[in-house]
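In the numbering used here, the protein residues as written are 15 to 484.
For each residue, glycine too, the CB sits at the ideal point set by N, CA and C.
Just so it is clear, the structure is predicted and the values come from calculations on it, not from any experiment.
Below is one structure; the comments refer to it alone.
Structure (structure tokens):
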């Protein structure tokens, strides 16, 4: 309203100056005549510009009202869709369809939604994209093309036409413009919404604000879905913990009875009896059962461990000796440990269990041999997705094995999830690793692709001030 009054005042002022100039150059004289003609001429001169100004402002108000109505409609539809049990990809597909179909903005029927994963944009859903474009835009690093620029800056981006910023060019790309809007939670960019405009479509602040409001709703929905998944995971894990603890307790009692009767039977056998091999087999089976019981107790947090401040390097070096024997001759094992101490607070036995589980997974992923490398270093940990940062002892374990697909990666930390043949694994190894890392207040990330091996990065908080005095 203030801007409108300022513009109207400016028009009247210019009109008054024009009238005064007209009087001066026309030679009109007489105070009474000037008093009569001045306001009449000023209003006549200002009438046209004032009409255009008011018409423009009225059009803007109508457009804003239309955008507000559409926003209300879209928001209702988005929240309604989010209440259903859908995968994130399916939900985002519905959201994009709603935006393209209901938006009052003059859009092409083409767009996409990306989400931030491991610092890069990953295409989650699209409309109007060719298979080539889906491949080209599958993963977009920060600063790459328009969407990558939005990820890097956190700011909305508009382009009237294809320009030098548009670095990804699928075959047969037609002329177009863009609105690229960040999906933000605070300062963190959760993803990017990109929409295609007709070439030459003018930039409109009201349209941008409309799309930013839509993206704010998408951000809230994404956060709600993540919270929902976290709560479900917590509930499922708690139920599994109780189940595993009960199984471990009962199974341990059974194994004790089996071992006791096995020992009793062995003592009753005459020396050199051929039946000794059977009792030995029973003992080995009991040992394997007890190892599984220990894993179940560790998974259910029933295994008690003493916490202390210790340097991870000597512990990993000791574990390396066992790992070399475990791997066999076909796999080269290399431990590249930091020269500087890396003090953490936790359990030595759990750290050993962690690296042994990683080694077993690496061995199983390399049936034809390969390399298993463990490295340590001091690093500053900062992950946008988890909104955490701390000084960390980094343990990196990588192999040159078969690697994993994106679908497998989504589930690797799920309890009892395994890709191994029946009887070859319990599916608890990586779940236990994640549990150990969480108990130590750390974070774990994994990178893998079919044929490219797997890399685990484990960040454990460094103890400030180093080791306590003894």
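In this model, residue 266 and residue 226 are separated by some 58 Å (Cα to Cα). Remark: C-beta atoms of residue 467 and residue 414 approach each other more closely than 7 Å. Judged by pairs of C-beta atoms under 8 Å, the stretch 319-338 does not touch the stretch 283-303, as fewer than three such pairs exist. Residue 460 holds the alpha-carbon nearest to the alpha-carbon of residue 424 among 460, 407, 446 and 409.
Here residue 140 is buried: its Cβ has 16 or more other Cβ atoms, across all protein chains shown, within 10 Å. Each residue's CA atom was taken as its position, placing residue 279 and residue 272 some 10 Å apart. Here the alpha carbons of residue 336 and residue 239 stand approximately 43 Å from one another.
Fully enclosed beta strand (DSSP E) runs of no fewer than 3 residues occupy 322-325 and 345-350 of the stretch 270-357, in order along the chain. Counting only runs of at least 3 residues, the stretch 357-418 fully encloses the following beta strand (DSSP E) elements, listed from N- to C-terminal order: 357-360, 384-397 and 402-413. Rounded to the nearest angstrom, the Cβ distance from residue 181 to residue 159 is 5 Å, consistent with a contact under 8 Å. The stretch 376-389 makes contact with the stretch 346-355, as at least three CB pairs between them are under 8 Å.
Bounds of the alpha helix (DSSP H) holding residue 145 are 145-150. In the structure shown, the three-state DSSP call for residue 457 is strand.
Here residue 426 is near residue 444, since their CB atoms are less than 7 Å apart. Residues of the same chain with a CB within less than 7 Å of the CB of residue 144, apart from the 5 flanking positions on each side, are 184 in chain order. In the DSSP assignment, no residue is bridged to residue 224. When the beta-carbon positions are compared, residue 213 and residue 191 come within less than 7 Å of each other. Counting along the chain, the unbroken beta strand (DSSP E) around residue 191 starts and ends at 191-199. When the five nearest sequence neighbours on each side are left out, the beta carbons in the same chain lying within less than 8 Å of the beta carbon of residue 283 are those of 289, 290 and 293, in order along the chain. Shown here for residue 111: same chain residues with a beta carbon closer than 8 Å to its own, the five before and five after excluded, namely 141 in chain order. Taking every protein chain shown into account, the CB of residue 354 has fewer than 16 other CB atoms within 10 angstroms, so this residue is exposed. Residue 131: member of the beta strand (DSSP E) spanning 121-131, first to last residue.
In this chain, the beta strand (DSSP E) harbouring residue 135 covers 134-141. For residue 205, the three-state secondary structure derived from DSSP is strand.
In the displayed model, residue 153 falls within a strand according to three-state DSSP. A residue is called buried once 16 or more other Cβ atoms fall within 10 Å of its Cβ, and residue 138 is buried on that count. Excluding sequence positions up to five before and after residue 465, its CB lies within less than 6 Å of the CB of 417, all in the same chain and listed in chain order.
Shortest Cα-Cα distance from residue 405 to any of 382, 457 and 420 involves 457.
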